[in-house]
Structure formats: C-alpha cells, structure tokens
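Peer 1: Counting from 17, one number per residue, gives the positions in the sequence shown under the numbering used here.
One structure coming up, written as structure tokens, with questions to follow.
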Amino acid sequence: MIEMQDVWKSYANGVMAVNGITVKIEKGEFVYVVGQSGSGKSTFIKLMYREEVPNRGKIIIDGTDITTMKNKDVPFLRRKLGVVFQDFKLLPKLTVYENIAFALEVIEETPRQIRKKVMEVLDLVKLKHKARFLPSELSGGEQQRVSIARSIVNNPSVVVADEPTGNLDPENAWGIMEVFERINDNGTTVVMATHNKDIVDRMKKRVIAIESGMIARDDKRGDFGYEG
Ligand SMILES: Nc1ncnc2c1ncn2[C@@H]1O[C@H](COP(=O)(O)OP(=O)(O)OP(=O)(O)O)[C@@H](O)[C@H]1O
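Structure representation (structure tokens):
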C-alpha cells in the first residue's frame, strides 16, 4: 500500500532530514508518526505526497512508484492520497461547499456527482448545515473538519495528515480524531504526524517514532514514548 525502500532526503542547505528509511504500511492501517521537533516527521510525510522528492530510494503508493512519476501525473496521485495540514489551507473566499467541490471539479465531475459527493463528505464530518458558510465563519475545529472532508472527497485509499490537531484545543482535537477514526473504519489508511501525546497514548495504534531522520521505534500498539 505505502512502501518506502531505503529513502534518503537532504535539503539544498545540506540538512539530512531523512536517512535511509525503509517501511511498509498496509491498507487500512492507522499510523501515528511521532518524534521531537526537527526529527524529520514532516519530511517523511511530504515524501509520501510528493511535496518533496528523495535523493535516493523508492516510494510506492498503491503500486505506483511516485519517485519516478512525472510532474504532470502528480494530480493523479492526489486521487489516491488525500492530505490534511495543520493550518487547514482552505480558500478564504469560497464557501465550505465550494472548497470541497473545488477538489472534485479539477477532475471533471458532473454537477450532480459533485453535489452528491460533497454532501456525503459533509455529512461524514457533521457539517452539512454549514455548507454555505465561509471558512472565516467557522471555528478552528470546524475548519479542520472541512479540510478533512476535502481530503477524502475523491475517495482516496490513503489520507496523510501533518499535525492536524496542532492549532486546536483538546476538545476540538478529539473531535478531529473521531473523524479520522471514522474514515479509517471505512477502510482508508491514515498516516498522521503528531505532537499530541494524550491522543497517541490513548488510541493504542501503530506508532512510528522518528529520530534524526531514522525510524527509532515501530510498535504495533505503541505509545508516544517521550515528553512532548
Ligand atoms: N525546506 C527545508 N529546507 C532546509 N531544511 C529543511 C527544510 N524543511 C525542513 N528542514 C530541516 O530538516 C529537518 C527535519 O525537518 P522536519 O520539518 O521534517 O521535522 P519535523 O520532525 O516535522 O519537525 P516539527 O515537529 O518541528 O514540525 C530539520 O533539521 C529542518 O530544519
């Protein structure tokens, strides 16, 4: 499903962010990625959605080697893999509905298909009643739920999230985790980088800990393992 084979990534300034990572994540898994600030979590996640390209190694998503993928084919990857960010990245002048529909229109859906799919994902994140609102009219937790809805509207097999609860208070953070659990229960693989010790320790999912760009720990029902 997701496979990294001896992946290395250094940045232009010479920083080695990922140092020879080999890992396999099976379909339907829920995986937390933890580690100190600067350990390489974001880079690890960015490599999965091809925001960054490795210097060496293979990254295979759903049978496709994304390291050799042409730039023009990257939009196809977005249909296999949804992305959720810490800062939501919603378009401020578009309504909730339009923000989600925008992701679909890119791949030429009919208006009827768009409406059906957008309302389905809004139902899943319990925000159907706010379809006409602008992002600025929503709470942080609601905005993150919209961005999750957007990430799954193309029905990807994988969702990756980089610190999705980082801007939220604990109550909203738990609300977001419930949404990810529901998505995972529907069979979608979830990979999430997080600093949220409470959540990781309570959920008892697979935990991959990164230290100095390497996998220091990979536990099936793991915990956070250090003081945040
Ligand atoms: N665009 C970049 N250019 C140069 N160096 C970078 C870049 N992005 C990250 N780095 C460096 O790579 C290393 C790993 O960074 P990364 O953002 O992956 O860590 P992280 O574990 O996600 O940190 P945090 O928890 O603070 O978000 C750090 O030393 C960082 O300074």
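Virtual Cβ for every residue (Gly too), placed ideally from N, Cα, C.
Within a Cβ cutoff of 7 angstroms, which residues of the same chain sit near residue 137, ignoring the five residues on either side of it in sequence?
Peer 2: Locating residue 137 in the sequence shown gives position 121, counting from the first residue. So the list reads 116, 165, 168 and 169, once near-sequence residues are dropped.
Peer 1: Based on Cα-Cα distance, which residue from 156, 93, 127 and 141 lies nearest to residue 106?
Peer 2: Counted from its first residue, the sequence shown places residue 106 at position 90. Ranking the options by Cα distance to residue 106, first place goes to 156.
Peer 1: Give every residue of the same chain whose Cβ lies closer than 7 angstroms to the Cβ of residue 179, excluding the five residues on either side of it in the sequence, and list them in chain order.
Peer 2: Residue mapping note: residue 179 aligns to position 163 of the sequence shown, counting from 1. Taken in chain order, the residues that qualify are 102, 209, 210 and 211.
Peer 1: I need the straight-line Cα distance from residue 128 to residue 48, nearest angstrom please.
Peer 2: Within the sequence shown, residue 128 is the residue found at index 112, counting from 1. Within the sequence shown, residue 48 is the residue found at index 32, counting from 1. Cα to Cα, residue 128 sits roughly 36 angstroms from residue 48.
Peer 1: Measuring CB to CB, does residue 20 end up less than 8 angstroms from residue 73?
Peer 2: Taking the first residue of the sequence shown as position 1, residue 20 is located at position 4. Taking the first residue of the sequence shown as position 1, residue 73 is located at position 57. Cβ distance < 8 angstroms, so residue 20 and residue 73 count as in contact.
Peer 1: Determine the DSSP secondary structure at residue 143, reduced to helix, strand or coil.
Peer 2: Translated into positions along the sequence shown, residue 143 becomes position 127. Coil.
Peer 1: Counting Cβ pairs, one atom from each stretch, are 3 or more of them under 8 angstroms apart for the region 56-64 and the region 186-197?
Peer 2: The answer is no - the region 186-197 does not touch the region 56-64, with fewer than three Cβ pairs under 8 angstroms.
Peer 1: Hey, is residue 147's beta-carbon within less than 8 angstroms of any beta-carbon in chain D?
Peer 2: This model lacks chain D altogether, as it is built from one protein chain only.
Peer 1: Would you list the residues sitting across from residue 19 in a DSSP beta bridge?
Peer 2: Here residue 19 is taken as the residue at index 3 of the sequence shown, counted from 1. Partner(s): 40 and 76.
Peer 1: With DSSP as the reference, please indicate the residues paired to residue 205 in a beta bridge.
Peer 2: What you label residue 205 is simply residue 189 of the sequence shown in a count that begins at 1. Looking at the DSSP assignment, residue 205 forms a beta bridge with 174.
Peer 1: Check each candidate in 32, 174, 71 and 36 and name the one with the smallest Cα separation from residue 196.
Peer 2: The residue given as residue 196 occupies position 180 in the sequence shown. Among 32, 174, 71 and 36, the Cα nearest to that of residue 196 is on 174.
Peer 1: If I'm right that residue 66 touches residue 41 with Cβ under 8 angstroms, what's the distance once you round it to whole angstroms?
Peer 2: As a working mapping, residue 66 is identified with position 50 in the sequence shown. As a working mapping, residue 41 is identified with position 25 in the sequence shown. Not quite, the Cβ-Cβ distance comes to about 16 angstroms (not below 8 angstroms), so this is no contact.
Peer 1: Determine the burial state of residue 161: buried for a count of at least 16 other Cβ atoms within 10 Å of its Cβ, exposed for fewer.
Peer 2: Residue 161 sits at position 145 when you count from the first residue of the sequence shown. So residue 161 ends up on the buried side.
Peer 1: Tell me which residue opens and which closes the beta strand (DSSP E) that residue 47 is part of.
Peer 2: In the sequence shown, counting from the first residue as 1, residue 47 sits at position 31. Where residue 47 is concerned, the enclosing beta strand (DSSP E) stretches over 46-50.
Peer 1: Can you tell me whether residue 27 is buried or exposed? The criterion is at least 16 other CB atoms within 10 Å of its CB, across all chains shown.
Peer 2: Taking the first residue of the sequence shown as 1, we reach residue 27 at position 11. Residue 27 should be labelled exposed.
Peer 1: Which whole-angstrom value is the C-beta distance of residue 238 and residue 44, which I expect to be below 8 angstroms?
Peer 2: Residue mapping note: residue 238 aligns to position 222 of the sequence shown, counting from 1. Residue mapping note: residue 44 aligns to position 28 of the sequence shown, counting from 1. Not really, about 17 angstroms apart at Cβ, beyond 8 angstroms.
Peer 1: When every heavy atom of ligand 1 is checked, does at least one fall within less than 7 angstroms of the C-beta of residue 27?
Peer 2: On the sequence shown, position 11 is the one that residue 27 refers to. Residue 27 Cβ: within cutoff of ligand 1.
Peer 1: Could you check if residue 44 belongs to the surroundings of ligand 1, using beta carbon to heavy atom distance under 7 angstroms?
Peer 2: Taking the first residue of the sequence shown as 1, we reach residue 44 at position 28. Because no heavy atom of ligand 1 lies under 7 angstroms away, the Cβ of residue 44 does not count as near it: no.
Peer 1: Closer than 7 angstroms: is that where the CB of residue 163 sits relative to any heavy atom of ligand 1?
Peer 2: As a position in the sequence shown, residue 163 is number 147, starting the count at 1. No, since every heavy atom of ligand 1 falls outside the 7 angstroms radius drawn around the Cβ of residue 163.
Peer 1: Around the Cβ of residue 205, are there at least 16 other Cβ atoms within 10 angstroms (buried) or fewer (exposed)?
Peer 2: Working through the sequence shown from its first residue, we reach residue 205 at position 189. Result: buried.
Peer 1: What separation, rounded to the nearest whole angstrom, lies between the Cα atoms of residue 37 and residue 231?
Peer 2: Residue mapping note: residue 37 aligns to position 21 of the sequence shown, counting from 1. Residue mapping note: residue 231 aligns to position 215 of the sequence shown, counting from 1. In a straight line, the C-alpha of residue 37 is about 7 angstroms away from that of residue 231.
Peer 1: Check whether the Cβ of residue 210 sits closer than 7 angstroms to any heavy atom of ligand 1, and report yes or no.
Peer 2: Taking the sequence shown and counting its residues from 1, the one referred to as residue 210 is at position 194. For ligand 1, not one heavy atom lies less than 7 angstroms from the Cβ of residue 210.
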